[in-house]
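**Student:** Take this structure first; my questions come after.
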């Protein structure tokens, strides 16, 4: 048997072509099919994720780092002239430490005048109390028992007036009492004379009776009887005169006693009226004294809390400080730091106290994020005076645990800018995408 020729051994391209065509089609379609499946899977997974997977939603609120107790402004109510400055910018101060001292010349002068008036009014009040009580000496208040020339002069002056008024009043009373004694002596003498005259009158009556009987019998002359009767009439007139004198003396005694009573009543009334006026004056002087003592004490401005002094607005000895001006501020060192954030009115319905938040501090070279909690929201909307933008004030407490590590050794200071992301819930990606469109559709339907 002969060997096949080379032509017979080679496959015929014409006869083999139809058999090879399906193999070529399979190798081209597989990558496209796999790619399509992958794309469909990706879009399917992405679509499923956008529908099912929740994403955190948050409200963005700009803010600044602040002290929880806020910075303490150091001010002076009345103002004045700077006498001494005890601290420098950035110096650490302790609570109660002197910061600045104002000149106290004017306030001390005013206090001196008021104290002089106060001591005088207090001594007058003590003197009037002694006169009203009717005692022989004044018991002064402990406020006047001080080593002060003004108090000493007030005591001496009122004691002198007390003695003079007492002597004058007692002198007037003594005059009336002497009149009473004289009238009582006159009455006593008149009563003795009256008793004698009455005795004479009784004797004359008896003698007249006897003479009348003897005259009827003719033993005596009628002229003798008439003389006795005239004598009796004279004695009776003297008795009536004595009785009238006694009555008049008693009236004068009553008048003298009434004068004494009226003198005492007038004195007591005058004392009471003057005491009432003095008490009103004392009250006014006491209030002025308290105010001036407080003003004198407050010439030394002290640190309200321990912390750092900053924002010094006065640097000149002898400079004038206006009332109510902020001279410097103290940043409390023991108070916690918070973030004063401004929440947009559009987000206020989605935030509430206790909500977790993320805080970013852009002041550092690297932006760090720390955790926080919303602890306070203003009750009403506020408006920025400079920009006119409305906002709600919110306080966000900074979580202290691990803060130093999160800030990589950085230190938070009041005034640093911050961004607060307040978590408001969870939404899917699909909700994020369709919410604007649905809102727009709702508005368009309302307009129609």
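Numbering (the working numbering), first residue to last: 1075 to 1522.
Where is the CB? At the ideal position from N, CA and C, for every residue including glycine.
Going by DSSP, name the residue or residues bridged to residue 1470.
**Tutor:** Taking the first residue of the chain shown as position 1, residue 1470 is located at position 396. DSSP lists 1413 and 1448 as partners of residue 1470.
**Student:** According to DSSP, is residue 1427 helix, strand or coil?
**Tutor:** In the chain shown, the residue the question calls residue 1427 occupies position 353. Here residue 1427 sits in coil by DSSP.
**Student:** For my contact list, residue 1406 and residue 1379 are in at a C-beta cut-off of 8 Å; report their separation, rounded to the angstrom.
**Tutor:** Position 332 of the chain shown, counted from the start, is the residue given in the question as residue 1406. Position 305 of the chain shown, counted from the start, is the residue given in the question as residue 1379. Between residue 1379 and residue 1406 the Cβ distance is about 5 Å, and since that is below 8 Å, they are a contact.
**Student:** At the level of alpha carbons, what is the spacing between residue 1261 and residue 1322?
**Tutor:** As a position in the chain shown, residue 1261 is number 187, starting the count at 1. As a position in the chain shown, residue 1322 is number 248, starting the count at 1. Rounded to whole angstroms, residue 1261 to residue 1322 spans 9 Å at the Cα level.
**Student:** Rounded to whole angstroms, what is the Cα-Cα separation between residue 1289 and residue 1299?
**Tutor:** Indexing the chain shown from 1 puts residue 1289 at position 215. Indexing the chain shown from 1 puts residue 1299 at position 225. Residue 1289 and residue 1299: Cα-Cα distance of roughly 8 Å.
**Student:** Going by DSSP, what residues sit across from residue 1159 in a beta bridge?
**Tutor:** The sequence position of residue 1159 within the chain shown is 85, counting from 1. Residue 1159 is bridged to 1174.
**Student:** What number of angstroms, rounded off, separates the C-alpha of residue 1199 from the C-alpha of residue 1387?
**Tutor:** Here residue 1199 is taken as the residue at index 125 of the chain shown, counted from 1. Here residue 1387 is taken as the residue at index 313 of the chain shown, counted from 1. Near 48 Å, if we compare the C-alpha coordinates of residue 1387 and residue 1199.
**Student:** Apart from the five residues just before and just after residue 1225, which ones in its own chain have a Cβ nearer than 6 Å to its Cβ?
**Tutor:** Here residue 1225 corresponds to residue number 151 of the chain shown, with the count starting at 1. Within the same chain, residue 1225 has close Cβ partners 1193 and 1218.
**Student:** List the endpoints of the continuous alpha helix (DSSP H) containing residue 1296.
**Tutor:** For the purposes of this step, residue 1296 is identified with residue 222 of the chain shown, where counting begins at 1. 1296 to 1371 is the span of the alpha helix (DSSP H), which, as asked, contains residue 1296.
**Student:** Residue range of the alpha helix (DSSP H) that residue 1271 falls in?
**Tutor:** Taking the chain shown and counting its residues from 1, the one referred to as residue 1271 is at position 197. Start and end: 1223 to 1291.
**Student:** Would you identify the three-state DSSP class for residue 1378, choosing helix, strand or coil?
**Tutor:** Counting from 1 along the chain shown, the entry for residue 1378 is found at position 304. Looking at residue 1378 - three-state DSSP - the assignment turns out to be coil, as it is neither helix nor strand.
**Student:** Can you tell me which residues form a DSSP beta bridge with residue 1491?
**Tutor:** Position 417 of the chain shown, counted from the start, is the residue given in the question as residue 1491. Bridge partners of residue 1491: 1138.
**Student:** Pick helix, strand or coil for residue 1481, following the three-state DSSP scheme.
**Tutor:** As a first step, residue 1481 is located in the chain shown; it is residue number 407 there, counting from the start. In this structure, residue 1481 counts as coil in the three-state DSSP scheme.
**Student:** Going straight from the alpha carbon of residue 1254 to that of residue 1303, what length do you get?
**Tutor:** Within the chain shown, numbered from 1, the residue matching residue 1254 stands at position 180. Within the chain shown, numbered from 1, the residue matching residue 1303 stands at position 229. The alpha-carbon atoms of residue 1254 and residue 1303 are separated by roughly 38 Å.
**Student:** Do the segment 1354 to 1363 and the segment 1141 to 1151 meet, that is, are 3 or more Cβ pairs less than 8 Å apart?
**Tutor:** No, the segment 1354 to 1363 is not in contact with the segment 1141 to 1151.
**Student:** Taking just the CA atoms, how far does residue 1377 sit from residue 1389?
**Tutor:** In the chain shown, the residue the question calls residue 1389 occupies position 315. In the chain shown, the residue the question calls residue 1377 occupies position 303. Rounded to the nearest angstrom, the two C-alpha atoms are 17 Å apart.
**Student:** Going by other Cβ atoms of all chains shown within 10 Å of its Cβ, with 16 needed for buried, is residue 1347 buried or exposed?
**Tutor:** Counting from 1 along the chain shown, the entry for residue 1347 is found at position 273. Exposed, because fewer than 16 other Cβ atoms sit within 10 Å of the Cβ of residue 1347.
**Student:** Bridge partners of residue 1384, per DSSP?
**Tutor:** By 1-based counting over the chain shown, the position of residue 1384 is 310. DSSP output for residue 1384 lists 1403 as bridge partner(s).
**Student:** Which term fits residue 1491, buried or exposed, when burial requires 16 or more other beta carbons within 10 angstroms of its beta carbon?
**Tutor:** By 1-based counting over the chain shown, the position of residue 1491 is 417. Classification for residue 1491: exposed.
**Student:** Does the separation of the CB atoms of residue 1201 and residue 1247 fall below 8 Å?
**Tutor:** Reading the chain shown from its first residue, position 127 is the one you call residue 1201. Reading the chain shown from its first residue, position 173 is the one you call residue 1247. No; because the gap between Cβ atoms is not below 8 Å, this pair is not in contact.
**Student:** Return the CA-CA distance between residue 1209 and residue 1400, expressed in angstroms with no decimal places.
**Tutor:** As a working mapping, residue 1209 is identified with position 135 in the chain shown. As a working mapping, residue 1400 is identified with position 326 in the chain shown. So the alpha carbons of these two residues sit roughly 57 Å apart.
**Student:** To the nearest angstrom, how far is it from the Cα of residue 1369 to the Cα of residue 1181?
**Tutor:** For this step, residue 1369 is matched to residue 295 along the chain shown. For this step, residue 1181 is matched to residue 107 along the chain shown. Going by the C-alpha atoms only, they are around 7 Å apart.
**Student:** Report the option in 1415, 1463 and 1466 whose CA atom is closest to the CA atom of residue 1140.
**Tutor:** In the chain shown, counting from the first residue as 1, residue 1140 sits at position 66. Taking only the C-alpha atoms, the option nearest residue 1140 is 1415.
**Student:** Return helix, strand or coil for residue 1195, following the three-state DSSP convention.
**Tutor:** The residue you call residue 1195 lines up with position 121 of the chain shown. Note: residue 1195 maps to helix in three-state DSSP.
**Student:** Going by beta-carbon coordinates alone, are residue 1470 and residue 1427 separated by less than 8 Å?
**Tutor:** The residue labelled residue 1470 in the question sits at position 396 within the chain shown. The residue labelled residue 1427 in the question sits at position 353 within the chain shown. Contact flag unset, no.
**Student:** Let me check understanding here. Comparing Cα to Cα, which of 1314, 1292 and 1301 lies closest to residue 1267?
**Tutor:** In the chain shown, counting from the first residue as 1, residue 1267 sits at position 193. The shortest C-alpha separation from residue 1267 is found at 1314.
**Student:** Return the first residue and the last residue of the beta strand (DSSP E) that residue 1147 is part of.
**Tutor:** On the chain shown, position 73 is the one that residue 1147 refers to. Residues 1146 to 1149.
**Student:** Could you check whether the Cβ of residue 1238 sits closer than 8 Å to any Cβ belonging to chain B?
**Tutor:** Looking at the structure shown, chain B is missing, and only one protein chain is on hand.
**Student:** Which residues in the same chain have their Cβ closer than 6 Å to the Cβ of residue 1169, if we skip the five residues on either side of it in sequence?
**Tutor:** For the purposes of this step, residue 1169 is identified with residue 95 of the chain shown, where counting begins at 1. Contacts found: 1377, 1379 and 1380.
**Student:** Helix, strand or coil for residue 1209? Go by DSSP, reduced to three states.
**Tutor:** Reading the chain shown from its first residue, position 135 is the one you call residue 1209. Looking at residue 1209 - three-state DSSP - the assignment turns out to be coil, as it is neither helix nor strand.
**Student:** DSSP three-state label for residue 1105, please.
**Tutor:** In the chain shown, the residue the question calls residue 1105 occupies position 31. Helix, per DSSP.
**Student:** Using the beta-carbon count (16 or more within 10 Å), is residue 1232 buried or exposed?
**Tutor:** Taking the first residue of the chain shown as 1, we reach residue 1232 at position 158. It is buried - the Cβ of residue 1232 has at least 16 other Cβ atoms within 10 Å.
**Student:** What would DSSP say about residue 1486, mapped onto helix, strand or coil?
**Tutor:** Mapped onto the chain shown, residue 1486 falls at position 412. It is coil, neither helix nor strand.
**Student:** Around the Cβ of residue 1293, are there at least 16 other Cβ atoms within 10 angstroms (buried) or fewer (exposed)?
**Tutor:** The residue given as residue 1293 occupies position 219 in the chain shown. Per the 10 Å Cβ criterion, exposed.
**Student:** Cα separation between residue 1461 and residue 1418?
**Tutor:** Taking the chain shown and counting its residues from 1, the one referred to as residue 1461 is at position 387. Taking the chain shown and counting its residues from 1, the one referred to as residue 1418 is at position 344. Roughly 14 Å between the two C-alpha positions.
**Student:** Specify the secondary structure class of residue 1166 as computed by DSSP and reduced to three states.
**Tutor:** Position 92 of the chain shown, counting from 1, holds the residue named residue 1166. Reduced to three states, the DSSP call for residue 1166 is strand.
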